[in-house]
Amino acid sequence: MEGIMVRTRFAPSPTGYLHIGGARTALFNWLYARNQGGKFILRIEDTDVERSTEESVQAILDGMKWLNLDWDEGPFFQSKRMDRYTYFAEKLLKEGKAYYCYCKPEELQERREQALKEGKKPTYDRRCRDLKGPINDRKPVIRFKAPLEGETIVDDIVKGRVIFKNEELDDLIIIRSDGFPTYNFAVVIDDVDMNITHVIRGDDHLNNTPRQIQIYKALDFPIPVFAHVPMILGSDKTRLSKRHGATSVMAYKEMGYISDALVNYLVRLGWSYGDQEIFTREEMIEKFNLENIGKSPAVFNPEKLLWLNAHYIREMDPKDLSDLAREFFEKMGYVVPEESKFQKMLCSLRQRGRTLVEIVEMADFYFTSDFQYEEQGVKKLFNTDSLRALKVIREKLSNSKELSESEFEVIVRKTAEDLNIKVSLVAQSLRLAITGKTVSPGLYEIIEVIGVEETIRRIQKAIDYMEKT
RNA sequence: GGUCCCAUCGUCUAGAGGCCUAGGACAUUGCCCUCUCACGGCAAAAACGCGGGUUCGAAUCCCGCUGGGACUACCA
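Residue numbers (this note's numbering): 825 to 1293.
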């Protein structure tokens, strides 16, 4: 492979949104192409007219864009390449490597079930293989003449050498009666036409590979390198699906996940680089390789994704955070303040919120002073001592227009000391007065954001409340 | 049923015959930090599926078993 431009591809079928498993496959292909300085191609496998939809195409494109997996060529659509499939099918026909089959789907189905009942292999019996001409006026399918003996070897980068006996292969349909190609045929033609050098895909395709290799051979095409990546499983170790929770990539966007975090999580599912858990894009590209892909399937673990997301939210550039968070705040009906104030707000919240949604949920007190005090907090924190402290603080505050975090902290501590009240009680009651909660971002950070004036107002309100009850 | 793949803490994984008293991360528990909750720091608990070989020596190699998964469509 030295000196040859690496070309990988992601080839989803547009029968739904981009899901976690597909995204990981796309990521690996993308990473390998980038790592090798090659090209990454996007192809839409829409030969199943029944199930393919325009919306799904868009959903997949949206997902790819959100994950920042840019492609160099495409998207190509199989539905627009019909002439290529027909051309090669006819070539095989002409060369006696394929044949028309007139069996009806129902008959096939019946024979399969019958064979299964008798404990025999449910494969096609090749009864049309040596037909001289049409036996009826049905629209035929085209079947590939699979070799009857010998073996087909798949030298897979992740699975190693896998040997299939050719007698296990059946004469698969390559062109359906409606003229559309089937998957195993279209893939080969496409990968050849698009000069794909490395086929990186889910290992649910491993069993298809010998069939595809036979088609490559029949057409005298060069065989690409295969890398079959283990599947992603749900918590019950069955194939990841909707019942395990969100599987749509875009659902994670809506839940307030950062795409870099999801990508980072995905890259470590089935691939590793020593003990490293956190990778920037650049590191990922630099360090990714096919050799370190694991052989065993991986269980999708939402907890770890959440941890990574929290990490990314905490570490990211405040400007980027504000750009991403803005729409979540607007969706809640909040009027987002000017940039520097908004960033301060977010930075105070990011230590606790693990998703953008969690951040918004914690932010209410920044936008309204019209909140109820937490009942437990009132019981525990609003008493004669804290009332005294609050009054003193209110007075001290009224002298200044603006206060830094540390200046405010000094006031609180000094007050507690002077009044001989525990700092924690003063701070906690103040927190309750200002946020209505017993849990919030750092008190002094909050005050810097909402300002002295508003702080005094809220303290006053709490004093009034305490004196009334 | 047949074919194929897979098998280290609950989970993601490191481990390419001696460096393994099996390492890291998430989650869990405890302690510290502390204005709360987090973050962070420290610590604990937690795994080589089983049985045979090969070898002076096996988590690592081989075989069998068991268990999981995929495929077996005119779906991809």
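C-beta atoms are modelled at their ideal positions from N, C-alpha and C, and glycine is treated no differently.
Given the structure is predicted, the values throughout are model-derived calculations rather than measurements.
Check residue i in the structure and name its three-state DSSP category.
i: SER1072; result: strand
i: TYR924; result: strand
i: MET825; result: The predicted model places MET825 with a pLDDT of 47, which falls under 50 and marks its position as unreliable; any figure quoted below should be read in that light. DSSP places MET825 in coil when its eight states are reduced to three.
i: GLU1127; result: helix
i: GLY984; result: strand
i: PHE912; result: helix
i: GLU937; result: helix
i: LYS918; result: helix
i: THR1208; result: helix
i: ASP1027; result: helix
i: PHE968; result: strand
i: VAL1181; result: helix
i: THR947; result: coil
i: ILE998; result: strand
i: LYS1285; result: helix
i: LEU1057; result: strand
i: ARG1063; result: strand
i: ARG831; result: strand
i: ILE1117; result: strand
i: ILE1109; result: helix
i: PRO958; result: coil
i: VAL1049; result: strand
i: PRO1005; result: strand
Using only alpha-carbon positions, find the residue among the options that is nearest to residue i.
i: ASP1028; options: VAL1216, PRO1121, ILE1037; result: PRO1121
i: GLY1275; options: GLU1229, GLY1260, VAL1236; result: GLU1229
i: GLY920; options: ALA1085, PHE968, ILE1117; result: PHE968
i: PRO836; options: LYS1155, ASN1031, VAL1016, SER880; result: SER880
i: LEU996; options: ILE1109, ILE1287, ASN1008, ARG985; result: ASN1008
i: THR1279; options: PRO1046, VAL1202, THR1293, LYS1225; result: LYS1225
i: TYR856; options: TRP1131, ARG1105, ASN1244; result: ARG1105
i: ALA850; options: PHE834, HIS843, LYS956; result: PHE834
i: MET888; options: LEU866, ARG908, TYR1197, LYS1155; result: LEU866
i: ARG1035; options: VAL1053, PHE1232, VAL1049, ASP994; result: ASP994
i: VAL1202; options: PRO1161, MET1290, LEU885, SER1164; result: MET1290
i: GLU874; options: PRO838, ASP896, LYS904, ASP894; result: PRO838
i: LYS904; options: LEU893, ARG935, ASP872, VAL1049; result: ASP872
i: PHE988; options: LYS1285, ALA1051, GLY943, GLU973; result: GLU973
i: GLU992; options: ALA1051, THR947, PHE1166, ASP954; result: THR947
i: ARG1063; options: VAL1049, GLY1026, VAL1234; result: GLY1026
i: ARG950; options: GLU975, LEU932, LYS941, ASN960; result: LEU932
i: GLY845; options: MET1140, MET906, ASN1125; result: ASN1125
i: LEU893; options: ASN1223, PHE1195, ARG848, LEU1043; result: ARG848
i: GLU869; options: GLU942, ALA1187, ARG962, MET906; result: MET906
i: LYS1292; options: ASN1207, LEU1043, ARG1000; result: ASN1207
i: ASN859; options: PRO1048, GLY984, GLU1107; result: GLU1107
Please tell me whether residue i and residue j are closer than 7 angstroms, where the distance is taken between their beta carbons.
i: THR1179; j: ALA1213; result: no
i: ASN990; j: PRO1005; result: no
i: SER1146; j: LEU1170; result: yes
i: ALA922; j: ILE966; result: yes
i: ILE1024; j: ASN1133; result: no
i: MET1079; j: VAL1181; result: yes
i: VAL1273; j: LYS1168; result: yes
i: SER1083; j: TYR841; result: no
i: THR1021; j: VAL1263; result: no
i: THR1033; j: VAL978; result: yes
i: ILE1109; j: TRP1095; result: no
i: ASP1209; j: ILE1245; result: yes
i: ALA1085; j: TYR1040; result: no
i: VAL1016; j: PHE1045; result: yes
i: PRO964; j: TYR926; result: yes
i: LYS1077; j: TRP890; result: yes
i: VAL1160; j: ARG1174; result: no
i: SER1172; j: GLU1269; result: yes
i: ALA1051; j: ILE959; result: no
i: LYS1261; j: GLU1199; result: no
i: ILE884; j: THR976; result: no
i: PHE1112; j: TYR1158; result: no
i: LEU819; j: ALA1251; result: Lying outside 825 to 1293, the shown extent of the chain, residue 819 is not represented and no answer is given.
i: VAL1184; j: MET1156; result: yes
Contact check, residue i vs residue j under 8 angstroms by CB: the rounded distance?
i: LEU1129; j: TYR1089; result: 4 angstroms
i: LEU1256; j: ILE1217; result: Not confirmed; about 13 angstroms, so no contact.
i: PHE901; j: ILE1013; result: Not a contact, Cβ separation roughly 14 angstroms.
i: ILE1271; j: PHE1232; result: 5 angstroms
i: PRO1265; j: ARG1176; result: 7 angstroms
i: LEU1030; j: VAL986; result: 7 angstroms
i: ARG1067; j: SER1193; result: With 8 angstroms as the limit, ARG1067 and SER1193 do not qualify as a contact, their Cβ atoms being about 43 angstroms apart.
Inset, instruction - Enumerate, from N- to C-terminal direction, the unbroken alpha helix (DSSP H) stretches of 4 or more residues contained entirely within the stretch 842-902. - result: 844-859, 878-890
Legend entry - Segments of 4+ residues assigned as alpha helix (DSSP H) that fall wholly inside the stretch 1227-1260: 1229-1243, 1247-1259
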